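A.B. asks:
Residue numbers (the numbering used here): -8 to 57.
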């Protein structure tokens, strides 16, 4: 096997990318940003201390309703 597909890991799990999928002619994205919590983001092996306990940042998007 030359590739393991999507089973690879990255040094910091919070660096993974998430997406916002939408489909509507009435929505227009105004702003997007990532959210990782309000406190300092701790790298491995202390990532369990983070106030946003996920292996992904959240993606927050504001839409305008047209």
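Yeah, the Cβ is synthetic: ideal placement off N, Cα and C, and Gly gets one too. The structure presented is a predicted model; accordingly, all values stated were derived computationally and were not measured.
How would you write the range of the beta strand (DSSP E) that residue 23 sits in, first residue to last?
C.D. replies: Counting along the chain, the beta strand (DSSP E) containing residue 23 begins and ends at 18 to 26.
A.B. asks: Run the CB neighbour count on residue 37, radius 10 Å, all protein chains shown included, and call it buried at 16 or more, exposed below.
C.D. replies: Classification of residue 37: exposed, given that the 10 Å Cβ count is below 16.
A.B. asks: Kindly indicate which residue of 25, 40, 35, 17 has the alpha-carbon position closest to the one of residue 56.
C.D. replies: Answer by Cα proximity: 17.
A.B. asks: Report yes if the CB atom of residue 51 is closer than 7 Å to the CB atom of residue 26, and no otherwise.
C.D. replies: Yes. Within cutoff.
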